[in-house]
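Single-structure report; data block below.
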Amino acid sequence: MEIDVFDEIQRLRQQGRKAALATIVQIRGSVPSFQSAKMLIRDDGSTLGSVGGGCVEAEVWTAAQDVIREEKARVMSFDLTDESMAESGLICGGKLEIFIEPVLPTPKIVIFGAGHIATQVSKISTIAGSQTTIVDNRPAYANRERFPEAEAIYSESFEQAFDEIVPTENTYVIIVTRGHQEDQNVLRWAVQTNARYIGMIGSKRKIRSITEQLASEGIARERLERVYMPIGLDIGAVLPEEIAVAIVAELIHNRRAGFKHPLSKKLYQTSQT
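Going by numbering that gives the first Met the number 0, the first residue of the sequence shown is number 0, and it counts up by one from there.
Here you go:
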């Protein structure tokens, strides 16, 4: 029995793997497939399904590698009336367009600290499609009552989490603990992992103190430079809810590879374009 494409996508996402999904979105004339036909290209190069075979699938497979790497979708057009297509055995005489989109694992957000900001970050990031893990050494704060949406909660010690959590390129580490020393300990651990994103809350004075201490311990400068400090986009946030919005917005910005196109324009600018 053939595996369902969408069931396989779900399985891959749960395993933290990437893929690309190719779908025929437009057909004109005679082609060796049907509109909405799909082919899933996994991160190991294996495939599931078909969008017509031959050189079409070969080109789609090659493009899918870029889609997976860049995490950006693309559209490909094929004219099967071309002589090059005929030479490959595809003499259908039609045209088709194929949309290739990235299939990405669910982002994993590890929040160190279980205070007011952490509760809001967990809620908002879950709404945005991420899975959260909460770490704090205070059971009264790190619990299901305060974080019902969390995938996992560590409430014994930070060291327990250090031993059990293995950040990957799909992991975002947020450091918002209750104290300077805890932040420093978490950051020391985090910068030596493969986490995609690391952010720490704090004043300029606190950030300088912690980074200087870690540098004196021999932690490489380039590891410290990849940390977002202070965490969050600068939107003038003051309240915990506002700070959480700024943090999650920065995570999304990072995940979308620094996409910077503005969503809005001033009315006058719009009228002049």
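A virtual CB, placed ideally from N, CA and C, is assigned to each residue, including glycine.
The model shown is predicted, which means the values in this text are computed figures rather than measured ones.
{"query": "DSSP has threonine 22 in a bridge; who is on the other side?", "result": "Lys37, Phe98"}
{"query": "Would you kindly work out how many angstroms separate the C-alpha atoms of arginine 68 and alanine 21, rounded to a whole number?", "result": "15 Å"}
{"query": "Starting from alanine 117, follow the beta strand (DSSP E) in both directions and report where the run begins and ends.", "result": "From DSSP, alanine 117 is part of no beta strand (DSSP E) but of the alpha helix (DSSP H) over 115 to 126."}
{"query": "Quick check: the Cα distance between isoleucine 126 and leucine 79, rounded to an integer number of angstroms?", "result": "43 Å"}
{"query": "For the beta strand (DSSP E) that contains phenylalanine 161, what are its first and last residues?", "result": "Looking at the DSSP string, phenylalanine 161 is not in any beta strand (DSSP E); the run it does join, the alpha helix (DSSP H), is 157 to 163."}
{"query": "For arginine 254, count neighbouring Cβ atoms within 10 angstroms of its own Cβ and tell me buried if that reaches 16, exposed if not.", "result": "buried"}
{"query": "Would you give the residue range spanned by the alpha helix (DSSP H) that valine 190 belongs to?", "result": "Looking at the DSSP string, valine 190 is not in any alpha helix (DSSP H), and its letter there is neither H nor E."}
{"query": "Is it buried or exposed for glutamine 183, if we count other Cβ within 10 angstroms and need 16 for buried?", "result": "buried"}
{"query": "Between which two residues does the beta strand (DSSP E) harbouring glutamine 14 extend?", "result": "Premise fails: glutamine 14 is in no beta strand (DSSP E) and is neither H nor E."}
{"query": "Measure the C-alpha to C-alpha separation of arginine 145 and glutamate 216 and round it to an integer number of angstroms.", "result": "36 Å"}
{"query": "Please state the DSSP three-state secondary structure of aspartate 65.", "result": "helix"}
{"query": "Do arginine 187 and threonine 170 come within 9 Å of each other at the CB atom, strictly closer than that value?", "result": "no"}
{"query": "Buried or exposed, going by whether 16 or more other CB atoms sit within 10 Å of the CB of lysine 17?", "result": "buried"}
{"query": "Cα-Cα, which of Lys203, Ile110, Ser121, Arg177 is closest to asparagine 166?", "result": "Per the sequence shown, the amino acid found at residue 166 is proline instead of asparagine. For the residues Lys203, Ile110, Ser121, Arg177, the minimum Cα distance to proline 166 belongs to Ile110."}
{"query": "Between glutamine 183 and chain D, is any beta-carbon pair separated by less than 9 Å?", "result": "The structure shown contains no chain D, having only a single protein chain."}
{"query": "Taking three-plus beta-carbon pairs below 8 Å as touching, is the stretch 132 to 152 in contact with the stretch 201 to 218?", "result": "no"}
{"query": "Isoleucine 90 by DSSP, collapsed to three states: which one?", "result": "Note that isoleucine 90 has pLDDT 49, beneath the 50 cutoff, so the model's placement of it is unreliable and the number below is only indicative. Coil."}
{"query": "Roughly how many angstroms lie between the CA atoms of glycine 161 and threonine 192, to the nearest whole one?", "result": "Inspection of the sequence shows that residue 161 is occupied by phenylalanine rather than by glycine. Between phenylalanine 161 and threonine 192, the C-alpha separation is close to 10 Å."}
{"query": "Return helix, strand or coil for aspartate 78, following the three-state DSSP convention.", "result": "strand"}
{"query": "According to DSSP, what are the bridge partners of valine 172?", "result": "Val109, Ile197"}
{"query": "Could you say if the stretch 228 to 236 and the stretch 197 to 208 meet the contact criterion of at least three C-beta pairs nearer than 8 Å?", "result": "yes"}
{"query": "Below 8 Å CB to CB, which residues in the same chain sit around valine 190 once its five sequence neighbours on both sides are set aside?", "result": "Ile197, Leu213, Ile218, Arg222, Leu223, Arg225, Val226"}
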